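Take a look at the structure set out below.
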């Protein structure tokens with residue numbers, strides 16, 4: 099059987115989790131001569147059933163997982179898998195796939211799940227001339243490995259027992275899981291019913307809310323009508339009171355007429371009292387309705403007030419910004435005029451404005467404090483220092499200059 103390109107199934111399971119007693123390797127030599135093919139002989143245990151993806155690999159002694167194989171060959175399935183009689187199987191490894199060093203190796207049978215089912219005793223690839231020396235030097239190590247294999251077999255049996263116990267626990271857990279799933283399905287069914295009831299209740303509440311809104315509109319309309327009626331009664335009462343005052347202040351000689359008017363007044367007062375009591379009842383109803391409306395519109399009014407305040411502040415800020423912008427433009431125009439005037443004065447004196455030293459007035463200089471109208475400061479303050487340092491007296495000269503129809507006087511210090 100040739101080695102194929104397909105990789106064999108492997109596993110990251112450590113050495114102590116493998117089963118070494120289900121495949122037994124037979125006639126394993128202590129060493130094999132390099133450069134020749136070797137044949138591996140093995141037999142299956144009584145209850146072991148080989149599968150299509152099982153393979154035999156050559157592993158360097160000290161391996162931990164089945165991914166560390168050096169080379170491998172697929173196993174051939176027996177003609178009668180169900181036959182329990184132990185029949186020896188074999189697989190041949192080609193020479194050009196075998197290791198070239200003199201390390202210790204061993205055969206391992208790996209099933210299609212990547213689990214080791216059997217391992218051989220260690221062997222080497224070396225010439226025959228070194229046989230005697232190697233036998234003496236490696237005998238103790240071989241015995242140690244055989245003892246290790248026996249311990250692994252014992253551990254394998256313990257792991258089998260543990261596996262049976264875990265299978266029982268798994269069955270119990272599956273039964274518990276089935277029960278939980280049934281309970282979950284029951285809860286889901288109850289949840290669907292509750293959701294349906296909630297939807298029906300919500301529809302009912304929406305209908306009642308719509309009816310309440312319609313009733314509220316009717317009450318509001320009646321309230322408006324009652325308010326108009328109260329105003330009419332108040333106007334009528336005010337008119338009757340005025341008429342009563344005129345009658346009281348009338349002619350005292352008309353006693354019979356006054357007595358008659360008093361009787362009418364008593365009747366009107368009694369009617370007015372009844373109307374006032376009715377008005378109080380109506381006002382109480384109106385107050386109740388207003389309180390409900392006020393509670394509903396309170397938050398809306400607060401939001402409207404806040405929006406109005408923000409709009410007012412925005413308008414004020416915009417006005418201030420416009421004023422500052424106009425002020426800035428005015429100052430820029432004045433600065434331009436002053437610069438032109440300074441240039442004219444300097445040209446009048448025979449000086450160049452660009453040749454003067456630039457002095458920026460600060461808060462502690464006297465010139466800026468004496469003449470705050472000059473935005474650029476006194477342009478002639480540098481003349482006294484640079485052009486005429488030897489003069490001891492100051493001469494004052496008034497230079498008239500027409501600017502926009504005005505005559506401006508400037509005092510120049512030399």
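Numbering (our numbering), first residue to last: 99 to 512. Here a beta-carbon is modelled for each residue, glycine too, at the ideal position from N, C-alpha and C. The structure presented is a predicted model; accordingly, all values stated were derived computationally and were not measured.
- Message: Run through the DSSP bridge pairs and tell me what residue 442 is partnered with.
- Response: Paired residue(s): none; residue 442 is not in a bridge.
- Query: Taking C-beta to C-beta, are residue 202 and residue 121 nearer than 7 Å?
  - Reply: no
- Does DSSP put residue 139 in a helix, in a strand, or in coil? strand
- Message: Measuring alpha carbon to alpha carbon, tell me which residue in 431, 386, 304, 216 is nearest residue 141.
- Response: 216
- Query: What are the residues that DSSP puts in a beta bridge with residue 124?
  - Reply: 139
- Cβ pair count under 8 Å reaching 3, the region 132-151 against the region 191-202: yes
- Rounded distance between the beta-carbons of residue 387 and residue 319, thought under 8 Å: In fact, because the Cβ distance is near 11 Å, the residues do not count as touching under 8 Å.
- Message: According to DSSP, simplified to helix, strand and coil, what is residue 208?
- Response: strand
- Nearest-angstrom Cα distance between residue 291 and residue 314? 35 Å
- Count the CB pairs spanning the region 166-180 and the region 144-156 that are closer than 8 Å, and state whether there are at least three. yes
- Separation of residue 285 from residue 257, as counted between CA atoms: 40 Å
- Message: For residue 205 and residue 129, which I take to be in contact (beta-carbon distance under 8 Å), what is that distance rounded to the nearest angstrom?
- Response: With a Cβ gap of about 14 Å, residue 205 and residue 129 do not count as contacting.
- Message: By the DSSP assignment, the beta strand (DSSP E) with residue 188 in it spans what residues?
- Response: 187-191
- Message: Along the chain, where does the beta strand (DSSP E) containing residue 158 start, and where does it finish?
- Response: 153-158
- State the Cα-Cα distance for the pair residue 166 and residue 267, rounded to the nearest angstrom. 33 Å
- Query: Taking the C-alpha atoms as reference points, what is the distance between residue 351 and residue 345?
  - Reply: 12 Å
- Which of helix, strand or coil DSSP assigns to residue 222: strand
- Query: By Cβ distance below 7 Å, which residues in the same chain neighbour residue 597 in space, the five residues on each side in sequence not counted?
  - Reply: The structure shown has nothing for residue 597, since the chain only spans 99 to 512.
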